[in-house]
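Residue numbers (this note's numbering): 2 to 125.
Even glycine gets a Cβ: it sits at the ideal position worked out from N, Cα and C.
Predicted, not measured: the structure shown is a model, and the values here were computed from it.
The block underneath contains the structure these notes are about, expressed in C-alpha coordinates.
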(Lines of atoms letter the chains of each structure in order from A and count residues from 1; the text may use other names and numbers.)
(Lines give C-alpha, C1' and ligand atoms only; values in the text may rest on other atoms or scores of the structure.)
Protein backbone atom coordinates (compact mmCIF):
# COMPACT_ATOMS: atom_id res chain seq x y z
CA UNK A 1 0.00 0.00 0.00
CA UNK A 2 1.21 3.49 -0.80
CA UNK A 3 1.95 5.64 2.24
CA UNK A 4 -0.34 8.35 0.84
CA UNK A 5 -3.38 6.09 0.43
CA UNK A 6 -6.08 6.57 3.03
CA UNK A 7 -8.45 3.72 3.80
CA UNK A 8 -11.81 5.00 5.06
CA UNK A 9 -12.67 1.77 6.86
CA UNK A 10 -9.40 1.83 8.78
CA UNK A 11 -10.02 5.44 9.80
CA UNK A 12 -13.58 4.61 10.88
CA UNK A 13 -12.34 1.58 12.82
CA UNK A 14 -9.63 3.58 14.58
CA UNK A 15 -12.18 6.24 15.49
CA UNK A 16 -14.35 3.50 17.03
CA UNK A 17 -11.71 2.21 19.50
CA UNK A 18 -12.83 2.55 23.12
CA UNK A 19 -9.66 3.93 24.69
CA UNK A 20 -11.24 3.93 28.16
CA UNK A 21 -12.26 0.25 28.25
CA UNK A 22 -10.98 -1.55 31.38
CA UNK A 23 -9.38 -4.30 29.26
CA UNK A 24 -6.99 -1.64 27.99
CA UNK A 25 -4.64 -2.32 25.09
CA UNK A 26 -4.61 -6.07 25.79
CA UNK A 27 -8.01 -6.39 24.14
CA UNK A 28 -9.48 -3.69 21.94
CA UNK A 29 -13.18 -2.90 22.10
CA UNK A 30 -15.53 -0.82 19.98
CA UNK A 31 -17.26 2.16 21.57
CA UNK A 32 -20.41 0.02 21.81
CA UNK A 33 -18.52 -2.65 23.82
CA UNK A 34 -17.98 -5.27 21.10
CA UNK A 35 -14.58 -6.97 21.08
CA UNK A 36 -12.45 -6.41 17.97
CA UNK A 37 -12.29 -9.33 15.56
CA UNK A 38 -8.96 -10.72 14.31
CA UNK A 39 -9.54 -8.99 10.97
CA UNK A 40 -10.12 -5.67 12.74
CA UNK A 41 -6.90 -6.13 14.72
CA UNK A 42 -5.07 -6.71 11.44
CA UNK A 43 -6.45 -3.47 10.01
CA UNK A 44 -5.52 -1.46 13.10
CA UNK A 45 -2.01 -2.95 13.15
CA UNK A 46 -1.52 -1.86 9.54
CA UNK A 47 -2.81 1.71 10.01
CA UNK A 48 -0.68 4.50 8.59
CA UNK A 49 0.25 7.62 10.57
CA UNK A 50 -2.10 9.64 8.34
CA UNK A 51 -5.03 7.35 9.08
CA UNK A 52 -4.30 7.49 12.80
CA UNK A 53 -4.05 11.28 12.72
CA UNK A 54 -7.41 11.67 10.97
CA UNK A 55 -9.08 9.21 13.37
CA UNK A 56 -7.67 11.05 16.39
CA UNK A 57 -8.86 14.42 15.09
CA UNK A 58 -12.28 12.95 14.39
CA UNK A 59 -12.54 11.37 17.83
CA UNK A 60 -11.68 14.49 19.81
CA UNK A 61 -14.64 16.83 19.43
CA UNK A 62 -13.73 18.50 22.74
CA UNK A 63 -10.59 19.98 21.23
CA UNK A 64 -12.67 21.81 18.63
CA UNK A 65 -12.96 24.91 20.81
CA UNK A 66 -9.17 25.14 21.07
CA UNK A 67 -8.54 24.91 17.34
CA UNK A 68 -7.76 27.86 15.12
CA UNK A 69 -10.18 28.74 12.34
CA UNK A 70 -8.22 26.93 9.62
CA UNK A 71 -8.13 23.75 11.71
CA UNK A 72 -11.85 24.05 12.43
CA UNK A 73 -12.56 24.10 8.69
CA UNK A 74 -10.32 21.05 8.17
CA UNK A 75 -11.98 19.19 11.06
CA UNK A 76 -15.43 19.97 9.68
CA UNK A 77 -14.38 18.34 6.41
CA UNK A 78 -13.03 15.29 8.26
CA UNK A 79 -16.33 15.00 10.12
CA UNK A 80 -18.26 15.20 6.84
CA UNK A 81 -16.03 12.53 5.28
CA UNK A 82 -16.41 10.21 8.29
CA UNK A 83 -20.19 10.51 8.09
CA UNK A 84 -19.97 8.63 4.79
CA UNK A 85 -16.89 6.44 5.44
CA UNK A 86 -18.76 4.12 7.78
CA UNK A 87 -21.26 3.35 5.00
CA UNK A 88 -18.76 2.75 2.19
CA UNK A 89 -19.25 -0.62 0.47
CA UNK A 90 -15.50 -1.24 0.22
CA UNK A 91 -12.22 0.11 1.50
CA UNK A 92 -11.55 2.84 -1.03
CA UNK A 93 -11.74 6.60 -0.92
CA UNK A 94 -13.62 6.51 -4.23
CA UNK A 95 -16.39 4.46 -2.61
CA UNK A 96 -16.81 7.15 0.03
CA UNK A 97 -16.73 9.95 -2.50
CA UNK A 98 -19.45 8.22 -4.52
CA UNK A 99 -21.77 8.37 -1.49
CA UNK A 100 -21.39 12.08 -0.75
CA UNK A 101 -24.43 14.13 -1.68
CA UNK A 102 -24.21 17.20 -3.94
CA UNK A 103 -25.07 19.41 -0.97
CA UNK A 104 -22.23 17.95 1.10
CA UNK A 105 -19.85 18.24 -1.88
CA UNK A 106 -20.62 21.94 -2.07
CA UNK A 107 -19.86 22.26 1.64
CA UNK A 108 -16.61 20.27 1.27
CA UNK A 109 -15.48 22.60 -1.49
CA UNK A 110 -16.43 25.68 0.54
CA UNK A 111 -14.63 24.41 3.64
CA UNK A 112 -11.56 23.38 1.63
CA UNK A 113 -11.27 26.85 0.11
CA UNK A 114 -11.78 28.42 3.53
CA UNK A 115 -9.15 26.16 5.09
CA UNK A 116 -6.59 27.05 2.39
CA UNK A 117 -7.28 30.77 2.75
CA UNK A 118 -7.09 30.73 6.54
CA UNK A 119 -3.96 28.58 6.55
CA UNK A 120 -2.28 31.05 4.19
CA UNK A 121 -3.24 33.91 6.53
CA UNK A 122 -1.91 31.96 9.55
CA UNK A 123 1.45 31.49 7.83
CA UNK A 124 1.88 35.23 7.18
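Nearest CA to the CA of residue i: which residue from the options?
i	options	result
residue 35	20, 49, 46, 47	20
residue 41	58, 10, 57, 117	10
residue 58	74, 46, 43	74
residue 197	83, 79, 101, 90	Only positions 2 to 125 of the chain appear in this structure, which leaves residue 197 out of reach.
residue 50	12, 114, 24, 32	12
residue 114	33, 77, 85, 39	77
I'd like to know if residue i contacts chain C, where contact means its C-beta is closer than 7 Å to some C-beta of that chain.
i	result
residue 54	The chain labelled as chain C is not found in the depicted structure, where only one protein chain is given.
Using a Cβ-Cβ cut-off of 7 Å (strictly less than) and excluding sequence neighbours within five positions of residue i, which residues of its own chain qualify?
i	result
residue 105	81
residue 15	45, 48, 52, 53, 56
Consult DSSP for residue i and reduce its assignment to one of helix, strand or coil.
i	result
residue 9	helix
residue 45	helix
residue 113	helix
residue 87	coil
For residue i and residue j, what's the separation of their Cα atoms in angstroms?
i	j	result
residue 29	residue 8	20 Å
residue 18	residue 56	10 Å
residue 109	residue 101	10 Å
residue 23	residue 83	26 Å
residue 43	residue 27	14 Å
If I'm right that residue i touches residue j with Cβ under 8 Å, what's the distance once you round it to whole angstroms?
i	j	result
residue 97	residue 89	5 Å
Grab me the residues of residue i's own chain with a C-beta within less than 6 Å of its C-beta, minus the 5 sequence neighbours each way, in chain order.
i	result
residue 37	29
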